[in-house]
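Just so you know, the protein sequences line up as chains F and Y, in that order. Every letter in the first sequence is one number past the one before it in our numbering, and letter 278, counting from 1, is 314. Every letter in the second sequence is one number past the one before it in our numbering, and letter 35, counting from 1, is 928.
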Amino acid sequence: MNRNDLKTIIYAEKAKEENYKYKYKICVCCGAGCISSGSEEVLKKLQEEVSLRGMENDIEVIPTGCMGPCNQGPLIKFEPDHTVYQKVDCTNIATIVQSQIIDKKPIEDMLLFSEFRKKPFLNANEDPFFKMQHKIALRNCGDINPEKIEDYFVHDGYKALDKVLFEMSPEDVIAEIKHSRMRGRGGGGYPTGLKWETVYKYVSDQKYVICNGDEGDPGAFMDRSVLEGNPHRVLEGMAIAGYAVGANKGFAYIRGEYPLAIKRFEQAIKQAKKTGLLGKQILGSEFSFDIEVRIGAGAFVCGEETALIASIEGKRGTPRPRPPFPAESGLWGKPTLINNVETFAGIVPIINNGGEWYSEIGTPKSAGTKVFALAGKINISGLIEVPMGTSLREIIFEIGGGIQGGGEFKAAQTGGPSGGCIPSKHLDVKMDYESLISLGSIMGSGGLIIMDDKSDMVDVARYFMEFCMDESCGKCVPCRVGTKMMHDLLQKICEKKGTSIDIARLEELAVFVKETSLCGLGASAPNPLLSTLRHFREEYETKIDLEN
Amino acid sequence: MKTESALTNTELPKTDPRVKLISAKIKKENYRADALIEILHTAQNAYGYLPMNVLKFITKELHLPPSRVFSTVSFYHFFSLKSKGEHTCLVCTGTACYVKGANLLLNEIEKDFHLKPGEVTADNSFGLQVARCIGACGLAPAVVLDNEVHAKVMPEDIVSKIHAKISEK
C-alpha cells in the first residue's frame, strides 16, 4: 500500500461513517473489566435481540474498549444519544432496547450512575464523570471496535504516520515532541522529546524502540485499557518513534497477566502488516519498521528499563547500573528508546494537532493529560483522563462521586509501591509531577487508590514493603536485605510489639536503602513508609504506646 | 528440593503433541537463546506448569547450561515448577483488592480447604494462588477461577464458588 492508497481507504471509511446507514449504534464495553462482569454474553444477546426484532438494518452492535467506569459494568452505550446503561445483564436487554429505541423512554433507574446522581444524565457526556475529563491517550477507547483497523481509519488512523513519513524529517518530529513538553508517562516524568533526541544522536547500524507495557504496579490498569481499547494508536506511536530515532525494529513488552491486551495488540500488528503499515517501505517510503510482542513473566522489577531489556533478551530480569543508559547501549548493546504505553498513545495527537496544542493543556511544568486508574474506597472506580493540574478533590468528589459507603476520606495512594500517600489536608493538591513530589509521593504510572477512615496506614506501609521485599530481584544488598528488614520492623509494629526505637531504625534504614540501591525499585521502596511516617506518624506511635 | 530426582526423569515422548508444540516454537524462534522466555511460556501453556523433564528438553534444544534455564524459570512468578492443580483459584492481592478485603477471601479459603497460597490439595484437584495485581482494580476484590475473572467477590460466597467450579466437569 502506498500513500494514495491509504488516503483512499481513510476517505472511503470516512464516507461510510458519514453516510452511516444505521439509525443507532450500540457500543458494548468489552474492556477486561466489563468482560469479567459478563459483557460478552450481553453483546451476543444484544445481537440476537436486534435480529429477533428484524432491525439489523437499523441498529449496529459493536464491541468496544474500556469506557471508564469499570465497577458499573457491563456498560452499553446508545449512539447517537450518548445514553449509557449500567450493570446490564442478559435478562434486561429486551426491555432496554424496547424503551430506549422503540418507546424512546430511557429507563432512568438503569442509566449510568443512577445510584449516585439525583437525576442521571440521558446524555452521559454531560455527567461530571465524563464532562471533567479530557481524553487524549484514551481517545476513541470505548467508541471504536479495537479489533478492526477500519474503525481506527475512520478516526484519522495512521494519518500521523503518513504525515511524519512524507512531510517531516526525523529532526522535525523530535522538535515537535520537544515543543509539546510531553513527559514520560511511565512514572519518572523524563521529557519525551529529549529522550528521543538522545537516541537519535547515537550513530549505530541498529537501533530499537521498546514499548513498556509491564504495568506491574498493583492498582494500575491504564496501559491495559489503552492496549485493549485502541491498540493501533500505540502501534502508530511506536512506528513514529522508530522513524524519529532511526530504528526499524520495535518490541512491545506486555504483562503476561493481560491476555486480552496481548491478543488485541498482536491482532493489530497483523492487520497493520497486512495493510502495509508495518513492514518494509511503509506507504512507499524508505522507512521500514516491524514490531514483535514480548510477554512479561511476572516480575515487577522488569518495569525498570535495564531489567526489561534483560528480560527481552531472555534472561533474568535484573537491572544493571546506568550509565550507560539504554539510549546509548540498550537491547543487545544497541541504542534503544523505551517509552511507556501511555506515552506512545499520546504521540499521534501531538503530530496531528501540533506540539503547541498539547503544551497548552495542563500546567506549565507538566503539559498534557494524565490517565489515572481510580480504585479503592470510592464510589466510581475506573479509568479517567484529566488535564495535569486537576486537583485531587475534583478527581475524588466530582469525577469519582465521593467515598464509598459514606466514609470519610483519609488518604490517596499514588504511584503504587514506589509512591506515597496524600492525606486529607492536601486534598486540593494539583495533580502534577512536582506537586506530588513535594508531598513525598510521586505521579508514578497513574494508580490512584482511595482509602477511607477505616484504613490502617501502618498496615498499608507494611503491605507495600512486603510487595517490594518479594519483588526485589536480589542483585544489590541494600534492596535485598533492606526491604526485608524494614518489612520485619513494620510487621512488628503492626503486631503491636514495636518500640519507639523501631521507628527510628525504620527512618534510618529508609534513607539508607533509598540512597544506595542500584535501581528505582530499591530507591523508591521506602517511599510509602516515609510518606506514611510523615503524614500519619501518630498512627505508628499509637501502635507503640499501647504496649509500652 | 526435588530437583535432582526430577532431573533423572525419563526423556519426553517425541510423539506427545505438547512436545511437538514446544519443538515447533523452538524451531520458529530459530533456536535463539534470547527466545527462552517465549518458549517457556509455550511450554507452560501446554503443560500447565514446567515439569523438570520439559526444562531439560528445552535446555538441550537451545544448547544452554541448565543453570541458565533454571535461574530464569525460578526468577519469574509466572513460571511454576509444580502443578497448580486441576482447578485453580487465584486471589488478586493488588492494592485495591487488598483495601477491599482480599485477605478475608484467603482466610475463608484456608478455613475450608486448609490451603495457603501456592499450595495444592492432596488429590491435586484444587490449587490456590495469589497475584500481585490482575489490573481489574475497578472490580475489587477480584478472583480468577480457572481463567474466569469474578468481580466483587464476597467472603461468604468464595468457598461455594470454588466448590461449584470443582464439581464442574
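Every residue gets a Cβ at the ideal spot worked out from N, C-alpha and C, and that includes glycine. Since the structure is predicted, the reported quantities are computational estimates derived from the model, not experimental observations.
Exercise for the section: Consider the Cβ of N107/F: report whether some Cβ of chain Y lies at a distance smaller than 7 Å. Expected result: Yes, N107/F lies at the interface with chain Y (some Cβ there is under 7 Å from its Cβ).
Practice task
Leaving out five residues on either side along the sequence, give the residues of the same chain with a beta carbon under 6 Å from the beta carbon of R516/F.
Solution key: Around R516/F: S508 and G510.
Exercise for the section: Indicate whether V124/F and V190/F have their beta-carbon atoms separated by less than 7 Å. Expected result: Not closer than 7 Å, so no.
Handout entry: Three-way DSSP call (helix, strand, coil) for K895/Y in this model
Key = Low confidence applies here, because K895/Y scores a pLDDT of 43, under 50, leaving its location unreliable; read the following figure in that light. In the structure shown, K895/Y sits in coil (DSSP, three-state: anything other than H, G, I, E or B).
Problem - Any chain Y beta carbon closer than 7 Å to L121/F - result: The sequence as given places Tyr at residue 121/F; Leu does not occur at that position. Answer no: the Cβ-Cβ gap between Y121/F and chain Y never drops below 7 Å.
Problem - Minimum Cβ-Cβ distance from G412/F to chain Y less than 7 Å - result: Nearest CB-CB separation between G412/F and chain Y: below the 7 Å threshold.
Problem - N- and C-terminal bounds of the alpha helix (DSSP H) containing M274/F - result: For M274/F, the enclosing alpha helix (DSSP H) stretches over residues P267 to V281.
Practice task
Just mark T127/F as buried or exposed, buried being the case when its beta carbon has 16 or more other beta carbons within 10 Å.
Solution key: Residue environment: T127/F is assigned as exposed (fewer than 16 neighbouring CB atoms within 10 Å of its CB, all protein chains considered).
Exercise for the section: Check each candidate in L111/F, E144/F, P206/F and C106/F and name the one with the smallest Cα separation from K1045/Y. Expected result: Closest option to K1045/Y, judged by alpha-carbon separation, among L111/F, E144/F, P206/F and C106/F: C106/F.
Exercise for the section: Could you list which residues in chain F have their beta carbon closer than 9 Å to that of D927/Y, in chain order? Expected result: Taking a Cβ-Cβ cut-off of 9 Å, the neighbours of D927/Y in chain F comprise I348, E349, G350, K351 and W368, given in sequence order.
Handout entry: Under 7 Å between C-beta atoms of A561/F and T519/F
Key = The Cβ atoms of A561/F and T519/F sit closer than 7 Å to each other.
Handout entry: Where the beta strand (DSSP E) through M487/F begins and ends
Key = M487/F -> beta strand (DSSP E) spans G483 to D488.
Exercise for the section: Consult DSSP for C126/F and reduce its assignment to one of helix, strand or coil. Expected result: C126/F carries a helical assignment under DSSP once its states are collapsed to helix, strand and coil.
Problem - Residue-level contact to chain F via CB, V992/Y, 7 Å cutoff - result: With 7 Å as the cut-off, V992/Y counts as an interface residue toward chain F.
Problem - Interface residues of chain Y facing E251/F [CB-CB closer than 9 Å] - result: The contacting residues are C1026 and G1028.
Handout entry: alpha helix (DSSP H) runs wholly inside the segment 51 to 76 of chain F, at least 4 long, in chain order
Key = Qualifying alpha helix (DSSP H) stretches, in chain order: 68 to 72.
Problem - Cβ neighbour criterion (16 or more within 10 Å) applied to A48/F - result: A residue is called buried when at least 16 other Cβ atoms come within 10 angstroms of its Cβ; A48/F does not meet this threshold and is exposed.
Exercise for the section: Return the CA-CA distance between E434/F and P164/F, expressed in angstroms with no decimal places. Expected result: Using only the alpha carbons, I get a separation of about 6 Å.
Problem - Where the beta strand (DSSP E) through D506/F begins and ends - result: Element bounds for D506/F: not the beta strand (DSSP E) but the alpha helix (DSSP H), M493 to E507.
Handout entry: Rounded straight-line distance, which links the Cα of L174/F to that of M258/F
Key = In this structure, the straight-line span from the alpha carbon of M258/F to that of L174/F is close to 9 Å.
Practice task
Return the Cβ separation of F971/Y and G334/F in integer angstroms, given the expectation that the two are a contact with Cβ distance under 8 Å.
Solution key: Between G334/F and F971/Y the Cβ distance is about 4 Å, and since that is below 8 Å, they are a contact.
Exercise for the section: Quickly, what does DSSP pair H980/Y with across the bridge? List them, please. Expected result: Note: H980/Y sits in a beta bridge opposite F1019/Y.
Exercise for the section: Give me the Cα-Cα distance between L88/F and C65/F, rounded to the nearest whole angstrom. Expected result: Separation of L88/F and C65/F (C-alpha to C-alpha, rounded to the nearest whole angstrom) is 22 Å.
Practice task
Report yes or no: is there a C-beta of chain Y within less than 7 Å of the C-beta of D489/F?
Solution key: Under the Cβ distance rule, D489/F does not count among the residues neighbouring chain Y, no pair being separated by less than 7 Å.
Problem - Residues, ordered as in the chain, of the segment 131 to 155 of chain F that lie near chain Y by beta-carbon distance below 7 Å - result: Taking a C-beta cut-off of 7 Å against chain Y, none of the residues of the segment 131 to 155 of chain F qualify.
Exercise for the section: Step through the CB atoms of chain Y and report whether any lies within less than 7 Å of the CB of Y499/F. Expected result: Look at Y499/F: its C-beta is under 7 Å from a C-beta on chain Y.
Practice task
Note down the Cα distance separating G425/F from Q242/F, rounded to an integer number of angstroms.
Solution key: So the two alpha carbons sit approximately 39 Å from each other.
Handout entry: Length of the line joining the Cα atoms of T399/F and V384/F
Key = Rounded to the nearest angstrom, the gap between the Cα atoms of T399/F and V384/F is 21 Å.
Practice task
On the DSSP bridge assignment, give the partners of Y121/F in chain order.
Solution key: For Y121/F, the pairing in a beta bridge is given by DSSP as I112/F and L147/F.
Problem - Rounded Cβ spacing between N946/Y and L905/Y (contact assumed at less than 8 Å) - result: Taking the Cβ atoms as the reference, N946/Y lies roughly 6 Å from L905/Y, within the contact range of under 8 Å.
Problem - Beta-carbon proximity list for L983/Y, same chain, < 6 Å, skipping 5 on both sides - result: Around L983/Y: Q1022, A1024 and V1037.
Problem - Contacting residues, own chain, Cβ-Cβ under 7 Å from T901/Y (five flanking each side not counted) - result: Any reading at T901/Y must be qualified, since the residue scores a pLDDT of 48, below 50, and its modelled position is unreliable; no value is offered.
Problem - Spatial distance of P1048/Y from D538/F (CA atoms) - result: Per the coordinates, the alpha-carbon of P1048/Y lies some 35 Å from the alpha-carbon of D538/F.
Practice task
Below 8 Å on the Cβ atoms is my guess for I397/F versus H170/F; work out the distance and round it to an integer in Å.
Solution key: Contact check for I397/F and H170/F: beta-carbon distance about 7 Å, within the 8 Å limit, so the pair qualifies.
Problem - CB contact below 7 Å: E293/F versus chain Y - result: For E293/F, at least one C-beta of chain Y is nearer than 7 Å to its own C-beta.
Practice task
Tell me, please, whether the CB atom of V912/Y is closer than 7 Å to any CB atom in chain F?
Solution key: Cβ-Cβ to chain F under 7 Å: no for V912/Y.
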